[in-house]
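> Numbering (the numbering used here), first residue to last: 11 to 498. There's a structure below that I have some questions on.
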Amino acid sequence: MFSRFKKPDQSAVRAAAPASTPVRPLSEVAGQPAQPARPTTVARKPMAGGQPPSAQAVAADKEKKRKERMGEIKVELHKRLLDNLNLSALEHATEADLKQEISAIAAEAMDEIGMVLNKDERATLNQELYDEVMGLGPLEPLLKDETVNDILVNGPQQIFVERAGKLTLTDITFKDERHLLRIIDKIVSAVGRRVDESNPYVDARLADGSRFNAMVPPVAVDGSLVSIRKFKKEKLGVDDLVRFGAFTEEMAAYLQAAVATRLNVIVSGGTGSGKTTTLNALSSFIDNHERILTIEDTAELQLQQTHVGRMESRPPNVEGKGAVTQRDCLRNALRMRPDRIIVGETRGEEVIDMLQAMNTGHDGSMTTIHANSARDGISRLENMVAMAGIEMPLKAVRAQIASAVNLIVQASRLQDGSRRMTSITEITGMEGEVISMQEIFRYERLGIQPDGKIIGRFTATGVRSAFADRFKQWGYDLPPSIYEPVGT
Ligand SMILES: Nc1ncnc2c1ncn2[C@@H]1O[C@H](COP(=O)(O)OP(=O)(O)OP(=O)(O)O)[C@@H](O)[C@H]1O
Ligand SMILES: [Mg+2]
Numbered sequence: 011m012f013s014r015f016k017k018p019d020q021s022a023v024r025a026a027a028p029a030s031t032p033v034r035p036l037s038e039v040a041g042q043p044a045q046p047a048r049p050t051t052v053a054r055k056p057m058a059g060g061q062p063p064s065a066q067a068v069a070a071d072k073e074k075k076r077k078e079r080m081g082e083i084k085v086e087l088h089k090r091l092l093d094n095l096n097l098s099a100l101e102h103a104t105e106a107d108l109k110q111e112i113s114a115i116a117a118e119a120m121d122e123i124g125m126v127l128n129k130d131e132r133a134t135l136n137q138e139l140y141d142e143v144m145g146l147g148p149l150e151p152l153l154k155d156e157t158v159n160d161i162l163v164n165g166p167q168q169i170f171v172e173r174a175g176k177l178t179l180t181d182i183t184f185k186d187e188r189h190l191l192r193i194i195d196k197i198v199s200a201v202g203r204r205v206d207e208s209n210p211y212v213d214a215r216l217a218d219g220s221r222f223n224a225m226v227p228p229v230a231v232d233g234s235l236v237s238i239r240k241f242k243k244e245k246l247g248v249d250d251l252v253r254f255g256a257f258t259e260e261m262a263a264y265l266q267a268a269v270a271t272r273l274n275v276i277v278s279g280g281t282g283s284g285k286t287t288t289l290n291a292l293s294s295f296i297d298n299h300e301r302i303l304t305i306e307d308t309a310e311l312q313l314q315q316t317h318v319g320r321m322e323s324r325p326p327n328v329e330g331k332g333a334v335t336q337r338d339c340l341r342n343a344l345r346m347r348p349d350r351i352i353v354g355e356t357r358g359e360e361v362i363d364m365l366q367a368m369n370t371g372h373d374g375s376m377t378t379i380h381a382n383s384a385r386d387g388i389s390r391l392e393n394m395v396a397m398a399g400i401e402m403p404l405k406a407v408r409a410q411i412a413s414a415v416n417l418i419v420q421a422s423r424l425q426d427g428s429r430r431m432t433s434i435t436e437i438t439g440m441e442g443e444v445i446s447m448q449e450i451f452r453y454e455r456l457g458i459q460p461d462g463k464i465i466g467r468f469t470a471t472g473v474r475s476a477f478a479d480r481f482k483q484w485g486y487d488l489p490p491s492i493y494e495p496v497g498t
C-alpha cells in the first residue's frame, strides 16, 4: 500500500549488495543477550551489603535491558528502512505519508520478532526512526527542544545540553562512533562542507541558523566532538534581559544613551556568557535610519533595523583557497559607506581595522571580545594588535585603544548559570602609560543560597558618566540619581 516510497526492485538491490554488510535478521537481534553496561558518570547508590537486589533494582535492571534491546532493534530497523525505502522518492513525500510508511515497516518488523510495544513506546520508536531517516538522529529532539541552548557531544556516548545556563548530561546516546560520524557528515554535507581525517574540523552555520562545530578523530581523541549553539528565532531583547535580571532598567537607560549617542562599545565576556545576545540587544538602540554593516564568522546577529548589510567570513576550501576573512570583510565594509560597523567577535588581525574604523568616523561601532573583565579586555586588544604583526610601541597601541573604545560592557555567566552584566566601564583616556577607566555600574555578589543560587545586586558606583554632557546634548538627559549607589 506504500509502494510510492518503496525501492522498485528489492531483490535485485539485495543481490547486488556486497556480502560484507549483511542485514541481520531481526529475530537474531532481539534474542541477543544484553550488552555489558556502559560506563556512566553517575555514581550508583551503594547497595546494602550482601542483600539480594530489591524489587526496584530488579525492575530497573529489566527496564535497562529492554532499553538496550530496543536500541539494537532500532539500529537494525533503521538499516531495514534504508533498504526498503526509495530514498529519492523521500524528498517529495509528505511528512505524514513518510511517518505512516515508517510505522508500517516498523510494525511489520515488531510482529515478526514478536515484540509488543505500548502506544507511547511505539510513538517514540517511530519518531526516532523518522529522525534517523530524515533528520539528525539522536540530536533531533534536542534541536527541537526550545529550552536547550547548547548541545555538546563528547564522543558517541556523551551528550550534554545547556539549559538556563546549566550543563547537564542527557541519557541520549549515539549507537557508536560510526553513527555519530554519519550524522556529522549529514550535517556538514548539507551546508556544502566536508570533514574527515585529513580535514578534521569544521565550523559552519546550519540551515536554521544554528552555529555548528565538529572535530573528528584522530584529532578528537575519544570520539568526535560536536558543539551546537542553537539559533533562537526570538532573540532576547533589552526588555527580556531586564526581566531576566541580566541588568537593570537604569543600566538599560544608560546603555540606550551610550549607543544612541554613538559611543564605541565593546561587549566583553567568557564563552557562552551572553556576549552576542547583549550585542544584539544593544543594537536595538540604533536609529532605524542608519546604515549598519555586520561582519561575523557565523552570522548570528538579528538586527531589527531596515538598513542592514550582513557579511559572513568564509574559510578556505579544501585546496586552501578562497578564504574571505573578517578582516577582508571589514576593509571592504569601510568602502561601503556604513554609519556603523558591528563585528560579531573580534579575535584576530581585524582588530587593527576595527580600531581604525572606530577612530575614523565610524563611531557607534560595536564588537565583542573574549575576556573576563574590562581590564583584561584591554590586554586582549593589545595582544591582538601585537599578534597582527603591527610594530608599534605599547603606549601608542594603548593610545589607539583609548581613543577608539568608549565603553566596555562585561557579560558573565555566574556559577549558578545565571547571566549578568557584571560591569559597565567607561574608558576615559590615558594617564601616562596606562589607560584610565571608570566603572559606572557593577554587580555585587552578596552571598549564595543553600540551593547554590547566587544572591547579589546591581548598583551604580557613584561615579558620574564622563559622557553625561554628551548624552544631554543629544537629548538623553539621564537623572543624576542613576549614578547613585544602591542604599545611599
Ligand atoms: N541573560 C540571559 N538570560 C538567559 N539566557 C541567556 C542570557 N543571555 C544569553 N542567553 C542565552 O545563552 C546562550 C549563549 O548566549 P550567547 O550566544 O549570547 O553567548 P556568547 O557569549 O556570544 O557565546 P560564544 O562565546 O559561544 O560566542 C544563548 O542561547 C542565549 O540565548
Ligand atoms: Mg557569541
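Note that beta-carbon positions come from the ideal geometry of N, C-alpha and C, so glycine has one too.
From VAL252, LEU153, ALA333 and THR104, pick the residue whose C-alpha is nearest to that of LEU216; which is it?
Within the sequence shown, the letter at position 206 stands for residue 216. Cα-wise, what sits closest to LEU216 is LEU153.
> Around the C-beta of ASN327, are 16 or more other C-beta atoms found within 10 angstroms, so that it is buried, or is it exposed?
Taking the first residue of the sequence shown as 1, we reach residue 327 at position 317. Answer is exposed; the Cβ neighbour count stays below 16.
> By Cβ distance below 7 Å, which residues in the same chain neighbour ARG350 in space, the five residues on each side in sequence not counted?
Position 340 of the sequence shown, counted from the start, is the residue given in the question as residue 350. Cβ within range, chain order: ILE296, GLU300, ILE302, HIS372, GLY374 and SER375.
> Tell me, to the nearest whole angstrom, how far the beta carbon of ALA116 is from that of LEU139; I am working on the premise that it is less than 8 Å.
Counted from its first residue, the sequence shown places residue 116 at position 106. Counted from its first residue, the sequence shown places residue 139 at position 129. About 6 Å; that satisfies the 8 Å criterion.
> Can you give the Cα-Cα distance for LYS129 and LEU313, rounded to whole angstroms?
Here residue 129 is taken as the residue at index 119 of the sequence shown, counted from 1. Here residue 313 is taken as the residue at index 303 of the sequence shown, counted from 1. Approximately 45 Å, taken between the alpha carbons.
> Give the straight-line distance between the Cα atoms of ASP218 and PHE241, rounded to the nearest whole angstrom.
Mapped onto the sequence shown, residue 218 falls at position 208. Mapped onto the sequence shown, residue 241 falls at position 231. Whole-angstrom Cα-Cα distance: 7 Å.
> In three-state DSSP terms, what is SER278?
On the sequence shown, residue 278 is found 268 positions in, with the first residue counted as 1. Strand, per DSSP.
> Hey, out of GLU310, ARG347 and ASP363, whose CA is closest to THR335's CA?
Counting from one through the sequence shown, the residue named residue 335 turns up at place 325. Among GLU310, ARG347 and ASP363, the Cα nearest to that of THR335 belongs to ASP363.
> With respect to 8 Å, is the separation between the Cβ of GLY354 and the closest non-hydrogen atom of ligand 2 below this value?
Along the sequence shown, one-based indexing puts residue 354 at 344. At least one heavy atom of ligand 2 is nearer than 8 Å to the Cβ of GLY354, so yes.
> Flag this pair as touching only if the region 178-191 and the region 257-274 have three or more C-beta atom pairs under 8 Å; answer yes or no.
As far as the Cβ criterion goes, the region 178-191 does not touch the region 257-274, which means the pair count is below three.
> Can you grab the Cα-Cα spacing for the pair GLU131 / GLU78, in whole Å?
Your numbering for residue 131 matches position 121 in the sequence shown. Your numbering for residue 78 matches position 68 in the sequence shown. C-alpha separation (whole angstroms): 14 Å.
> So what's SER323 in DSSP terms, helix, strand or just coil?
Locating residue 323 in the sequence shown gives position 313, counting from the first residue. Coil, per DSSP.
> Considering only their Cβ atoms, is the gap separating GLY279 from ASN382 smaller than 9 Å?
Working through the sequence shown from its first residue, we reach residue 382 at position 372. Working through the sequence shown from its first residue, we reach residue 279 at position 269. Yes, these two residues count as a Cβ contact at 9 Å.
> Apart from the five residues on each side of it in sequence, which residues of its chain come closer than 8 Å, Cβ to Cβ, to LEU311?
As a first step, residue 311 must be located in the sequence shown, where it is residue number 301. So the qualifying residues of the chain are THR286, LEU289, ASN290, SER293, THR304, ARG320, ILE352 and GLY354.
> Using only CA atoms, which one of THR378, ALA69, MET368 and ILE169 lies nearest to ASN274?
Position 264 of the sequence shown, counting from 1, holds the residue named residue 274. When each option's Cα is compared against that of ASN274, the closest is MET368.
> Determine which residues share a DSSP beta bridge with ILE305 and list them.
Working through the sequence shown from its first residue, we reach residue 305 at position 295. Bridge partners of ILE305: MET321 and VAL353.
> Got a sec? Which residues, its chain only, sit under 6 Å from TYR493 by beta carbon, not counting five neighbours each side?
In the sequence shown, the residue the question calls residue 493 occupies position 483. Closer than 6 Å at Cβ, skipping near neighbours: ALA470 and ARG474.
> What residue range does the beta strand (DSSP E) around TYR264 cover?
For this step, residue 264 is matched to residue 254 along the sequence shown. Taken as a continuous stretch (DSSP letters only), TYR264 belongs to no beta strand (DSSP E), being part of the alpha helix (DSSP H) at 259-270.
> What does the Cβ neighbour count give for ASN209, buried or exposed, with the cut at 16 atoms within 10 Å?
Numbered from its first residue, the sequence shown carries residue 209 at position 199. With fewer than 16 Cβ atoms within 10 Å of its Cβ, ASN209 is classed as exposed.
> Evaluate contact between the region 415-433 and the region 455-467, counting only Cβ atoms and requiring at least three cross-stretch pairs below 8 Å.
A contact exists between the region 415-433 and the region 455-467.
> Verify the contact flag: LYS242, CB atom, against every heavy atom of ligand 2, threshold strictly below 8 Å.
Taking the first residue of the sequence shown as position 1, residue 242 is located at position 232. Checking every heavy atom of ligand 2 against the Cβ of LYS242, none is found closer than 8 Å.
> Ordered along the chain, which non-local residues of its own chain (more than five positions away) have a Cβ less than 8 Å from that of LEU340?
Taking the sequence shown and counting its residues from 1, one reaches residue 340 at position 330. Excluding sequence neighbours, LEU340 sits near ILE305, ILE351, VAL353, GLU360, ASP363, MET364 and ALA367.
> Would you call the region 398-405 and the region 226-233 in contact, with 3 or more CB pairs under 8 Å?
No, they do not touch.
> Along the chain, where does the alpha helix (DSSP H) containing ILE123 start, and where does it finish?
Locating residue 123 in the sequence shown gives position 113, counting from the first residue. It spans 105-123 - the alpha helix (DSSP H) in which ILE123 sits, taken as one unbroken run.
> In its own chain, which residues sit with a C-beta less than 6 Å from the C-beta of THR260, not counting the 5 before and 5 after it?
Here residue 260 is taken as the residue at index 250 of the sequence shown, counted from 1. Sequence inspection shows Glu at residue 260; the Thr mentioned does not correspond to that position. If we look at GLU260 and ignore the five residues flanking it on each side, its Cβ neighbours are ILE492.
> Quick one: Cα of LYS405 to Cα of PRO151, how far?
Here residue 405 refers to the residue found at position 395 when the sequence shown is read from its first residue. Here residue 151 refers to the residue found at position 141 when the sequence shown is read from its first residue. Distance between the alpha carbons of LYS405 and PRO151 is about 53 Å.
> Could you give the DSSP three-state label for VAL229: helix, strand or coil?
In the sequence shown, counting from the first residue as 1, residue 229 sits at position 219. It is coil, neither helix nor strand.
> Following the continuous beta strand (DSSP E) through GLY387, name the residue where it begins and the one where it ends.
Here residue 387 refers to the residue found at position 377 of the sequence shown. Premise fails: GLY387 lies in the alpha helix (DSSP H), 384-397, not in any beta strand (DSSP E).
> In the DSSP assignment, find the unbroken beta strand (DSSP E) run with VAL236 in it and report its ends.
Position 226 of the sequence shown, counting from 1, holds the residue named residue 236. Counting along the chain, the beta strand (DSSP E) containing VAL236 begins and ends at 235-239.
> Once the 5 residues before and after ILE500 are set aside, which same chain residues still bring their CB inside 7 Å of it?
Here the chain covers residues 11 to 498 and nothing more, so residue 500 does not appear.
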